[in-house]
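I have placed the structure first, in the form of structure tokens, so that the comments after it can refer back to it.
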């Protein structure tokens, strides 16, 4: 997976926390999935872990692909490096 439009944001190092899948629509009809690590503090933004490198035609298609990525990350025992 590679670059997303700048509106999605860069990949950042993450701290431990639950993962979630979100679907974003930066342009009408172009859906991208994003796996984020949820922040424990409500005043701190969630951090991007992985994201699609191309748009999907529907919200459902993007969510299905994002859920597959989340499942793969969890089954692989994904543990990101702690933030410095």
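Numbering (this note's numbering), first residue to last: 424 to 507.
Each residue gets a CB set at the ideal place from its N, CA and C atoms; glycine is no exception.
(1) Could you tell me how far apart the beta carbons of residue 456 and residue 495 are, in whole angstroms, since I believe they sit closer than 8 Å?
(2) If I measure Cβ to Cβ from residue 465 and keep anything under 8 Å in the same chain, skipping five residues before and after, which residues do I get?
(3) Express the C-alpha separation of residue 474 and residue 491 in angstroms, rounding to a whole number.
(4) Are residue 493 and residue 444 close, meaning C-beta to C-beta below 7 Å?
(5) Taking residue 483 as the reference, give the member of 467, 453, 442 and 463 with the closest Cα.
(6) Quick one: using the 10 Å Cβ neighbour count with 16 as the cut-off for buried, is residue 499 buried or exposed?
(7) Would you check if the distance between the CB atom of residue 468 and the CB atom of residue 440 is smaller than 7 Å?
(8) Looking at residue 481 and residue 471, is the spacing between their C-beta atoms short of 7 Å?
Judging by the given coordinates:
(1) With a Cβ gap of about 13 Å, residue 456 and residue 495 do not count as contacting.
(2) none
(3) 12 Å
(4) yes
(5) 453
(6) exposed
(7) no
(8) no
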